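A.B. asks:
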Amino acid sequence: MFANGMREIGCLAHARRKFFELHAAGGHPVAAEALQRIARLYAIEEQAKVQTADQRAQSRALHSQPELQSLHDWLLKLRPNVASGGSLAKAIDYTLRRWPALVHYAETGDLPIDNNPIENAIRPIAIGKRNWLFVGNERAGKRADAIQSLLATAKLHDIEPSEWLKDTPEKLPTWPNSRIDELLPLRD
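27 is the number of the first residue of the sequence shown in my numbering; add one for each residue after it.
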């Protein structure tokens, strides 16, 4: 499914949300415990915000990975005793099905624990979906998607999107294809 050395990175906030909704609906004690365990992982991330990627990787190896292993073991132990089809089973199953992707962030110092910043960046696009229902045809829609993605990436990397959008098309006609990646709105 993932090419060129890419791998799936899960979003712990999505897994957390399943337990949060269950807890909010009735204060389920297992959901409360799951939320506490996940909160410890976010507390580790909060402290690691100011660290370099290498320091964060060490912190995650020392603190996050054992917490994740404990959470995983706990969920595996719970699951056989939970009736299938219920909200708790769905929350546990959602988390366990995505487990390999959810823990990738803890193997390195440069991946986020969740994709909340990305979701916040694309929220205007999601909200405006109705406005873009009629872009003309499928090809135009794909082009609009690509442009929106590039503009969101520019914002994420503190690059002024309008400046990038003005500058890049001017360079494209004479830019070598072998160096096209250099025009992407990324900062090292």
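The beta-carbon is built from N, C-alpha and C at its ideal position, and this holds for glycine as well. As the structure is a computational prediction, the values presented were derived from the model and not from experiment.
Can you tell me whether Pro-55 is buried or exposed? The criterion is at least 16 other CB atoms within 10 Å of its CB, across all chains shown.
C.D. replies: Pro-55 comes out exposed.
A.B. asks: What do you get for Asp-80, buried or exposed, if any count of 16 or more other CB atoms within 10 angstroms of its CB means buried?
C.D. replies: Classification of Asp-80: exposed, given that the 10 Å Cβ count is below 16.
A.B. asks: In chain order, which continuous runs of the alpha helix (DSSP H) of length 4 or greater are located wholly inside the stretch 39–99?
C.D. replies: You should have 55–74, 79–85.
A.B. asks: Expressed to the nearest angstrom, what Euclidean distance is found between the alpha-carbon atoms of Asp-184 and Pro-106?
C.D. replies: Asp-184 and Pro-106: Cα-Cα distance of roughly 47 Å.
A.B. asks: Apart from the five residues on each side of it in sequence, which residues of its chain come closer than 7 Å, Cβ to Cβ, to Cys-37?
C.D. replies: Excluding residues within five positions, the ones whose Cβ falls inside 7 Å are Asp-140, Asn-141.
A.B. asks: Using the rule of at least 16 other Cβ atoms within 10 Å of the residue's Cβ for burial, across every protein chain shown, is Thr-200 buried or exposed?
C.D. replies: Thr-200 is exposed by the Cβ-count criterion.
A.B. asks: Arg-66 and His-130 - do their beta-carbons sit closer together than 8 Å?
C.D. replies: Cβ atoms of His-130 and Arg-66: not closer than 8 Å.
A.B. asks: If you reduce the DSSP assignment to three classes, tell me which class Thr-194 lands in.
C.D. replies: Note: Thr-194 maps to helix in three-state DSSP.
A.B. asks: Just curious, the alpha helix (DSSP H) that Ser-175 is in, first and last residue?
C.D. replies: Taken as a continuous stretch (DSSP letters only), the alpha helix (DSSP H) holding Ser-175 covers 164–182.
A.B. asks: Going by the beta-carbon positions, is the gap between Leu-101 and Leu-122 smaller than 8 Å?
C.D. replies: Result yes, Cβ atoms of Leu-101 and Leu-122 sit closer than 8 Å.
A.B. asks: Just to check my reading of the structure: Ala-170 and Val-161 have Cβ atoms closer than 8 Å, yes? What is that Cβ distance to the nearest angstrom?
C.D. replies: Yes, Ala-170 and Val-161 are in contact; Cβ-Cβ is about 5 Å, under 8 Å.
A.B. asks: Under 7 Å Cβ to Cβ from Trp-190, same chain only, skipping five residues before and after it: list those, please.
C.D. replies: So the qualifying residues of the chain are Ala-180, Pro-211.
A.B. asks: How would you label Ala-109, buried or exposed, when you count the other beta carbons within 10 angstroms and need 16 or more for buried?
C.D. replies: It is exposed - the Cβ of Ala-109 has fewer than 16 other Cβ atoms within 10 Å.
A.B. asks: Using the beta-carbon count (16 or more within 10 Å), is Glu-164 buried or exposed?
C.D. replies: With fewer than 16 Cβ atoms within 10 Å of its Cβ, Glu-164 is classed as exposed.
A.B. asks: When the Cα atoms are used, what is the spatial distance from His-49 to His-98?
C.D. replies: Whole-angstrom Cα-Cα distance: 19 Å.
A.B. asks: Taking the beta carbon of Arg-82 as the centre, do at least 16 other beta carbons fall within 10 Å, making it buried, or is it exposed?
C.D. replies: Its Cβ being crowded by 16 or more others within 10 Å, Arg-82 is buried.
A.B. asks: What's the gap between the Cα of Gln-73 and the Cα of His-89?
C.D. replies: Distance between the alpha carbons of Gln-73 and His-89: 11 Å.
A.B. asks: Which class does Thr-200 belong to by DSSP, given the choice of helix, strand or coil?
C.D. replies: Reduced to three states, the DSSP call for Thr-200 is helix.
A.B. asks: Please name the residue, chosen from Arg-205, Arg-86, Gln-62, that lies closest to Arg-43 on a Cα-to-Cα basis.
C.D. replies: Checking every option, the nearest Cα to that of Arg-43 belongs to Gln-62.
A.B. asks: Which one of Ser-113, Ser-175, Pro-138, Asn-146 has the shortest CA to CA distance from Ile-70?
C.D. replies: For the residues Ser-113, Ser-175, Pro-138, Asn-146, the minimum Cα distance to Ile-70 belongs to Pro-138.
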